[in-house]
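The block underneath contains the structure these notes are about, expressed in structure tokens.
Residue numbers (my numbering): 145 to 736.
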């Protein structure tokens with residue numbers, strides 16, 4: 145399986161991949177807590193002649209667990225049949241309006257009025273948060289819905305406007321009829337968007353003065369507080385808005401939208417506030433309307449279709465989006481691949497429930513292939529959808545088995561001190577500390593002083609298998625007979641030793657050094673043993689900064705006493721699959 149290299153952040157990207165570094169991980173990490181507040185999320189929306197409202201409703205209810213939807217229906221009385229049928233008759237609070245103005249300015253005013261009315265209704269019905277969304281937008285949670293709930297609960301008390309960034313959908317063809325289902329490519333560079341790039345917000349209903357502030361924000365009603373005092377931006381890897389703007393040419397949604405805006409003439413306030421694509425769309429439809437002959441009509445129609453295709457269709461030959469609602473960022477193209485509707489259904493976890501862990505099934509049994517171990521702490525691993533990539537075989541196995549895993553800290557150094565960080569360690573959770581035994585080997589010289597320290601480790605304490613002690617029985621040799629570079633590289637999923645083209649395909653394999661081969665062989669051997677023995681074991685490295693991946697409940701700081709490390713080297717975050725990033729931008733291999 146190919147993992148795309150993940151480079152340093154660019155300021156103009158909406159980053160759905162988790163941040164690196166311990167501080168950012170601690171800010172986003174969460175442990176299951178039976179005393180955590182319950183989130184009851186509602187949606188408020190104003191719709192007019194929607195194309196795929198049933199898909200929109202089902203997604204937010206079934207996959208995100210939205211409790212209630214406040215819907216203002218304009219000039220579309222035929223929707224009453226859908227909204228009066230089960231289950232929408234209980235989940236949707238609908239109000240109807242007719243002969244509304246197709247005005248770019250007054251539309252925002254009507255939206256704000258509807259949102260403010262929904263705020264009071266949502267409080268009365270016991271909701272805790274309210275998201276303002278349009279009928280061509282989906283709320284998407286790369287790390288799972290519970291990650292969003294925890295982020296909402298942990299937002300600063302002063303923050304009543306919890307803001308989400310947005311992506312913009314690209315369609316596979318202009319014949320697309322249901323973009324929510326068919327579209328999987330999204331622009332993540334705001335500078336390339338056709339429509340807005342300033343996101344949408346979730347309002348906290350425990351603020352008594354909460355009001356809508358335009359279409360994109362909430363406010364606490366205090367002008368003195370200002371935007372910065374009440375707005376808190378949620379990370380994109382927690383939640384993001386997917387905007388399917390002008391989402392269907394075949395169903396004439398684009399045409400209807402901009403025909404309604406044609407009365408805004410060039411030079412008017414509303415026209416000047418439109419984006420470049422909006423202005424061009426209004427002009428193109430005006431050219432169709434003003435055509436005086438059949439050839440002019442055909443030419444204007446062709447120009448309008450060409451405009452739509454340039455702006456709204458995805459590039460050819462894109463790879464497939466990950467399964468199970470995962471994310472893949474194609475940075476050279478400025479595109480993120482997502483299939484949000486392929487994610488799992490939302491299932492509410494009973495209050496006070498804790499996920500099972502390995503110690504509950506076999507409290508004294510550790511992975512048999514790992515030798516003597518010492519249990520030093522108990523930590524919980526919570527199953528989350530893999531954030532950045534499709535899980536590898538080992539990661540998928542762990543996901544399928546509910547992540548009832550033990551943990552091993554892998555280190556070739558003797559003296560490792562572990563400290564749990566600020567989130568605390570709940571009881572009943574487990575970590576195993578292992579120290580890999582590296583035999584003296586000229587092919588893999590140890591760092592100065594480390595070999596001597598290694599010899600002082602008692603043989604019965606903190607030992608585990610390490611493939612750097614290679615022999616004929618292992619099948620993996622540092623040189624000569626045994627696995628080839630290609631076999632090692634394929635098994636290890638390394639991106640450190642590959643070059644990629646703009647489509648993120650490998651164009652050249654680089655030569656692996658002896659040290660890299662040894663490290664790869666070590667991990668391959670460890671993971672093979674875990675899989676063969678059905679041992680659900682996850683490994684932590686003591687000298688790498690790792691992306692959060694699909695696990696958010698483990699925060700550790702590993703400090704090596706036998707040598708001085710750069711402060712950045714001492715940060716360790718649990719990972720499972722996903723991409724590993726270094727703060728200076730170079731790519732580090734994934735290990736699962």
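Quick reminder that beta carbons are idealized off the backbone N, C-alpha and C, glycines included.
A quick note: this is a predicted structure, and the numbers were derived from the prediction, not measured.
- The region 417-431 and the region 447-464 touch, with no fewer than 3 CB-CB distances between them shorter than 8 Å.
- Taking the Cα of residue 209 as reference, the smallest distance to any Cα among 250, 194, 290, 257 is reached at 290.
- When C-alpha distances from residue 463 are compared across 217, 235, 198, 330, the shortest belongs to 330.
- Annotation for residue 235: the continuous alpha helix (DSSP H) segment containing it runs 232-235.
- Put simply, of 262, 234, 157, 205 the residue whose alpha carbon is nearest the alpha carbon of residue 190 is 262.
- DSSP, reduced to helix, strand and coil, places residue 452 within a helical segment of the structure shown.
- When C-alpha distances from residue 321 are compared across 279, 363, 393, the shortest belongs to 393.
- Boundaries for residue 216: no alpha helix (DSSP H) harbours it, while the beta strand (DSSP E) harbouring it runs 212-218, taken from the DSSP string.
- Burial state of residue 183 is buried, judged by a 10 Å Cβ sphere holding 16 or more other Cβ atoms.
- Counting C-beta atoms within 10 angstroms of its own C-beta, residue 442 has fewer than 16 neighbours from the protein chains shown and is therefore classed as exposed.
- At a Cβ-Cβ threshold of 9 Å, residue 307 and residue 377 count as neighbours.
- For residue 425, the enclosing alpha helix (DSSP H) stretches over residues 420-434.
- Exclusion of the five residues before and after residue 363 leaves 305, 355, 357, 374 as the residues of its chain whose Cβ lies within less than 7 Å of its Cβ.
- Check the Cα spacing between residue 214 and each of 251, 276, 194: the tightest is with 276.
- Residue environment analysis places residue 341 among the buried positions, since at least 16 neighbouring C-beta atoms fall within 10 angstroms of its C-beta.
- Remark: C-beta atoms of residue 477 and residue 386 do not approach each other more closely than 9 Å.
- If you compare the alpha carbons of 251, 243, 268 with that of residue 237, the shortest gap goes to 268.
- Taking the Cα positions, residue 379 is about 21 Å away from residue 349.
- Excluding five sequence positions before and after residue 460, none of the CB atoms of its chain fall closer than 7 Å to its own CB.
- Ranking 333, 211, 328, 239 by CA distance to the CA of residue 223 puts 239 first.
- Taking the Cα positions, residue 490 is about 50 Å away from residue 434.
- The DSSP assignment places complete alpha helix (DSSP H) segments of no fewer than 4 residues inside the region 339-399 at 370-374, in order along the chain.
- By the criterion of a C-beta distance shorter than 6 Å, residue 196 is surrounded in its chain by 322, 324, once the five residues flanking it on both sides are discounted.
- By the beta-carbon neighbour count (other beta carbons within 10 angstroms, threshold 16), residue 301 is exposed.
- Closest in C-alpha terms to residue 287, from the list 474, 480, 469, 492, comes 469.
- Distances from the CA of residue 279 to each of 202, 488, 303, 297 were compared; the closest alpha carbon is that of 202.
- At a Cβ-Cβ threshold of 9 Å, residue 186 and residue 271 count as neighbours.
- Judged by DSSP secondary structure, residue 296 falls within the alpha helix (DSSP H) whose first and last residues are 289-298.
- In summary, residue 218 is buried, with 16 or more beta-carbon neighbours lying within 10 Å of its beta-carbon over all protein chains present.
- Annotation: the continuous alpha helix (DSSP H) that includes residue 197 extends over 197-202.
- When C-alpha distances from residue 345 are compared across 334, 199, 220, 274, the shortest belongs to 274.
- Residue 310 is positioned such that its CB atom lies closer than 9 Å to that of residue 281.
- Apart from sequence neighbours up to five positions away, the residues of its chain that approach residue 285 with a beta-carbon distance below 6 Å are 292, 383, ordered along the chain.
- For residue 413, the enclosing alpha helix (DSSP H) stretches over residues 413-417.
- Here residue 327 is near residue 458, since their CB atoms are less than 9 Å apart.
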